[in-house]
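Numbering (my numbering), first residue to last: 1 to 64.
Don't be surprised by glycine CBs; every beta carbon is placed ideally from N, CA and C.
A short write-up of the structure that comes next.
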Amino acid sequence: MTKASKAMRFFFFNAATLILIGIGLTGFDKVHWFLYAVPVFFLFAAAVGICPGLIIAQKIFGKD
Numbered sequence: 001m002t003k004a005s006k007a008m009r010f011f012f013f014n015a016a017t018l019i020l021i022g023i024g025l026t027g028f029d030k031v032h033w034f035l036y037a038v039p040v041f042f043l044f045a046a047a048v049g050i051c052p053g054l055i056i057a058q059k060i061f062g063k064d
């Protein structure tokens with residue numbers, strides 16, 4: 001299983017934080033519930049180091 005590098009995990013954390021700030025500025029009651037899925041997946045990938053999207057992309061395109 002592929003683990004995300006420290007730089008990739010830091011990117012996931014920053015991206016999730018910025019998305020949640022944007023949701024907060026827009027209003028938590030005004031955004032669609034599906035918009036919360038992306039930062040949740042990003043925070044999971046940042047905390048655990050396992051990114052399903054990265055694993056699928058490596059299976060499709062191969063490892064470099």
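Cα separation between residue i and residue j?
i, j, result
"I50", "Q58", "13 Å"
"L43", "F12", "7 Å"
"F61", "L54", "10 Å"
"W33", "L25", "15 Å"
"V31", "K3", "32 Å"
"G27", "I21", "10 Å"
"F41", "A7", "17 Å"
"L18", "K63", "29 Å"
Buried or exposed for residue i, going by 16 or more other Cβ atoms inside 10 Å?
i, result
"A46", "buried"
"A16", "buried"
"P52", "exposed"
Inset, instruction - Counting only runs of 4+ residues fully inside the stretch 10-48, write out the alpha helix (DSSP H) ranges in chain order. - result: 37-48
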